[in-house]
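Chemist: In this note's numbering, the protein residues as written are 118 to 804. Think of the CB as a built atom: it goes at the ideal place given N, C-alpha and C, for glycine as much as any other residue.
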């Protein structure tokens, strides 16, 4: 007989005998079991491992059916809910449900969170959660997410109304693993305004907010304490004052140049240009000369400053506001390296536009003369041997592992050379100024060392050892003398050329520090890491003063604008993000590069145009003055240039793109604006 019939027989017997209390108890227990005696599940949270799938589907369907003005921010809930549900299934030992849950929903997040999805694959047991680094980062921290007040209220009302249908499961996740911040739409800036949402038309919905993530932080702030006040440290973004004696020497040299080559009608004299430049540097917004001490200036430094003033006055003015955004188009000269067999890891151009250096996978560095002229050497030759033949390239051997970064010391075209060009070569004062060419080259390698090379004798002068893992990047400071490095050991380090030990160690990233860049005033260093964050470090104090989050993929390039007010960062998905340093806020995201990443960025002299190069074999030019323009085109209009046979998904191109210059089959390793606003680019042809 069925369980229901047996219960009925027993109930009749108890009623007949007058056992009323026992009868009532049995009736109560029978009400929560089916006819076969199995407990009836009336609440989703009682379903065991299945509860997380049911609750996730409930939340996903509600989000997708929500109003368009709330949908973008509510979608940000789905990724962390997916991760924490998955990890809780493993912790609670629902082995089969864990695998089934992950396989059912992972495809929703692969486009935006591919790296983390791959890292979390295969987790089924509590031991897996404890051994997986990515799982530990999520499970041991609360995920910060800010929602507008109306969206948060709608969420809570929905979860309360659906409490027995899975809402209670989501509520438990929010209580245990989330740090939800309610914000007022009117007070969080333009990005979340209704006008901005309508203007974007759905673009950039996949981009996280600046304060989102683990552990999360106030926008721009490097303080990850959940109770930290939303106050940012003050920055000194202006240029430091010149040494008084050097300034007088520069003024005197500029007066001589004005006397020899008077300015054209309507053109400023060099002295006027110099005075305007000094006036544009507000002292209250600039670090002092004692903030980052430099060696006493030399005649070479004076000559370089003279040339910078000349180039600043005579540069090509591109897309200036005074001309309504019109001006000469950006010109790019592309240097392509053939027969490299994919062995080039990195490139750099010297500031005087005479040399290019390539770091090789075979552990050496090759330096070429761009115009094919011989590279002189001050190394004395052996009198018993014939003099060496002049060569236009040099090979630097010393590293014992692949070379990942090279960087020329600061340099300029010699002022005498540029003066001779202006007077059709009639100048006879070629010896008036000392040499302003690059004197040194830095390189970093998988052998954990940084090497300083002399470009006069073509020999290694110093090997700097402090990183205990491969060194991914090294960059000279804007004034020479100091340089910064970034490595696999999750640190960046500050060096001076006359010290074999680092002066500062910048610690704070959770993964490799892949890229390093300098602020033009030399007072700040920027680092980009595999943890998808960019940090801004105060060189004097060694502390992090800004942190920028919002990239969904590994960062590959950084560049600070010439005026020192904006930062550009790029990742291996092809996205470029602009940041306001003072406000610590995101300005906009620009897209157009294909998959594979942006490998190099450079700003124009006016800081209104950015140029980028990357794995898709294109050099792209971007307008950085306007607000985000949303999506303007798809592949085939810029994005697919040179890749018409590509069968991948079309790449969206935002309206910020000004121009795209395709190569045939040459990924672009390096792009560099000269101070005259010409662009130099380099890449290796891959047949």
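Can you list, in chain order, the residues of its chain with a C-beta nearer than 7 Å to that of residue 529? Leave out the 5 residues immediately preceding and following it.
Modeler: 421, 424, 425, 468, 469, 553
Chemist: Which residues in the same chain as residue 462 place their Cβ atom closer than 7 Å to its Cβ, once the five residues preceding and following it in sequence are excluded?
Modeler: If we look at residue 462 and ignore the five residues flanking it on each side, its Cβ neighbours are 476, 477, 478, 519, 520, 521.
Chemist: Return yes when the Cβ of residue 614 is within less than 9 Å of the Cβ of residue 588, no when it is not.
Modeler: no
Chemist: Let's see if you can read the secondary structure: which residues bound the beta strand (DSSP E) around residue 466?
Modeler: 461-466
Chemist: What span of residues does the alpha helix (DSSP H) with residue 196 cover, start to end?
Modeler: Residues 195-208.
Chemist: Using 8 Å as the cut-off, classify the Cβ of residue 239 as near or not near the heavy atoms of the ligand ZN, replying yes or no.
Modeler: Although the ligand ZN was asked about, the structure shown includes no ligands whatsoever.
Chemist: Would you mind sorting residue 329 into buried or exposed? The rule is 16 or more other CB atoms within 10 Å of its CB.
Modeler: buried
Chemist: Using a Cβ-Cβ cut-off of 6 Å (strictly less than) and excluding sequence neighbours within five positions of residue 395, which residues of its own chain qualify?
Modeler: Counting only residues of its own chain and dropping the five nearest sequence neighbours on each side, residue 395 has no CB closer than 6 Å to any other CB.
Chemist: Straight-line CA distance for residue 440 to residue 735?
Modeler: Only weak support is given to the placement of residue 440: the predicted model assigns it a pLDDT of 42, under 50, and the value that follows is read from those uncertain coordinates. Straight-line Cα distance between these residues: approximately 28 Å.
Chemist: Counting only runs that start and end within the region 475-562, where is the beta strand (DSSP E) found for 3 or more residues in a row?
Modeler: 481-486, 510-514, 520-525, 557-562
Chemist: Can you tell me the Cα-Cα spacing of residue 593 and residue 633, whole angstroms?
Modeler: 10 Å
Chemist: Taking just the CA atoms, how far does residue 629 sit from residue 271?
Modeler: 40 Å
Chemist: Are there three or more Cβ pairs, one per stretch, closer than 8 Å when the region 721-740 is compared with the region 770-786?
Modeler: yes
Chemist: Give the single residue among 279, 650, 662, 244 whose Cα lies nearest to the Cα of residue 686.
Modeler: 650
Chemist: Using CA coordinates, which residue listed in 577, 134, 654 is at the minimum distance from residue 556?
Modeler: Out of 577, 134, 654, the CA that lies nearest to the CA of residue 556 is found in 577.
Chemist: Roughly how many angstroms lie between the CA atoms of residue 350 and residue 337, to the nearest whole one?
Modeler: 10 Å
Chemist: Can you tell me whether DSSP reads residue 393 as helix, strand or coil?
Modeler: helix
Chemist: Kindly confirm or deny that the region 197-205 and the region 254-262 touch, where touching means at least three C-beta pairs closer than 8 Å.
Modeler: yes
Chemist: I need the boundaries of the beta strand (DSSP E) containing residue 566, first residue and last residue.
Modeler: 566-571
Chemist: I'd like the span of the beta strand (DSSP E) that includes residue 170, first residue to last.
Modeler: Run containing residue 170: none in the beta strand (DSSP E); it sits in the alpha helix (DSSP H), 167-181.
Chemist: Can you tell me where the alpha helix (DSSP H) holding residue 417 begins and where it ends?
Modeler: 416-431
Chemist: Once you ignore the five residues that flank residue 374 on each side, which residues in its own chain have a CB closer than 8 Å to its CB?
Modeler: 387, 423, 427, 532, 536
Chemist: Among 471, 455, 574, 549, which residue has its Cα nearest to the Cα of residue 512?
Modeler: 574
Chemist: Apart from the five residues just before and just after residue 238, which ones in its own chain have a Cβ nearer than 7 Å to its Cβ?
Modeler: none
Chemist: Going by Cα to Cα distance, which pick from 481, 480, 473 is closest to residue 490?
Modeler: The residue among 481, 480, 473 with its C-alpha nearest the C-alpha of residue 490 is 473.
Chemist: So, at 7 Å on beta carbons, what are the nonlocal neighbours of residue 173 in its own chain, with the 5 sequence-adjacent residues on each side left out?
Modeler: 198, 199, 202, 222
Chemist: Which class does residue 290 belong to by DSSP, given the choice of helix, strand or coil?
Modeler: Under the three-state reduction of DSSP output, residue 290 falls in the helix class.
Chemist: Have a look at 297, 240, 250, 276 and flag the residue whose alpha-carbon is nearest the alpha-carbon of residue 266.
Modeler: 297
Chemist: Residues in the same chain with beta-carbon distance under 8 Å from residue 214, minus the five sequence neighbours each way, listed in chain order, please.
Modeler: 165, 166, 167, 169, 170, 206
Chemist: What's the call for residue 122, buried or exposed, on a 16-neighbour Cβ count within 10 Å?
Modeler: exposed
Chemist: Could you tell me which whole alpha helix (DSSP H) segments of length 4 or greater appear in the region 211-286?
Modeler: 212-222, 227-237, 243-248, 250-256, 266-278
Chemist: Which value, in whole angstroms, describes the spacing of the CA atoms of residue 182 and residue 233?
Modeler: 27 Å
Chemist: Determine which residues share a DSSP beta bridge with residue 126 and list them.
Modeler: None; residue 126 has no bridge partner.
Chemist: Considering only residues of the same chain and omitting the five flanking positions on each side of residue 789, which have a CB-CB separation below 6 Å?
Modeler: 466, 719, 797
Chemist: Please list, in chain order, all residues of the same chain as residue 543 whose beta carbon is under 6 Å from its beta carbon, the five residues on each side excluded.
Modeler: For residue 543, the predicted structure reports a pLDDT of 44, less than 50, and the residue's modelled location is therefore unreliable. A value from the coordinates is still provided. Result list for residue 543: empty, nothing under 6 Å.
Chemist: With 16 as the cutoff for other CB atoms within 10 Å, does residue 741 come out buried or exposed?
Modeler: buried
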